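What follows is one structure encoded as structure tokens, with my remarks underneath.
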Amino acid sequence: MSLRVYRNEDVKRVIAFIPPGHRHVRVLIELPDTAIVLQEAAVTGIVRAYVDVATHPVRRAVELVSRRLSERKTGYAESQLVESGRSEEEVIKELEKLLSG
Numbered sequence: 011m012s013l014r015v016y017r018n019e020d021v022k023r024v025i026a027f028i029p030p031g032h033r034h035v036r037v038l039i040e041l042p043d044t045a046i047v048l049q050e051a052a053v054t055g056i057v058r059a060y061v062d063v064a065t066h067p068v069r070r071a072v073e074l075v076s077r078r079l080s081e082r083k084t085g086y087a088e089s090q091l092v093e094s095g096r097s098e099e100e101v102i103k104e105l106e107k108l109l110s111g
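What follows is the structure, encoded as structure tokens:
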């Protein structure tokens, strides 16, 4: 996997929008070399992970992985980001390797 780290000043703009004929929010992230659009379920997973780590008194990492859920709440997409069950230490160790290059 190739890894790119974008600084805050690298993000040209972010647009949250609901496309015509759709019900769910999308988020466009425009970067110097590319732009990506994330669907609502992905953004929700990212926000959930961020809040879980940022607001927890000791948690340092959480990993979410894509799963197809046969049972879910009404209105939720079949494909969801859910907790992997890996330990914080495992996740952080993997990220340290990726970031060190």
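Add 10 to a position in the sequence shown, counting from 1, and you land on the number used in the numbering used here. Every residue gets a Cβ at the ideal spot worked out from N, C-alpha and C, and that includes glycine. Since the structure is predicted, the reported quantities are computational estimates derived from the model, not experimental observations.
Residue pairing for Val24: DSSP places it in a beta bridge opposite Ile39. Taking the C-beta atoms as reference points, Ala59 is found nearer than 8 Å to Leu74. When secondary structure is reduced to three states using DSSP, Glu93 falls in the strand class. Distance check between Ile25 and each of Val15, Glu50, Met11 and Arg14 places Glu50 closest, using alpha-carbon atoms only.
At the C-beta level, Arg78 and Ser89 come within 8 Å of one another.
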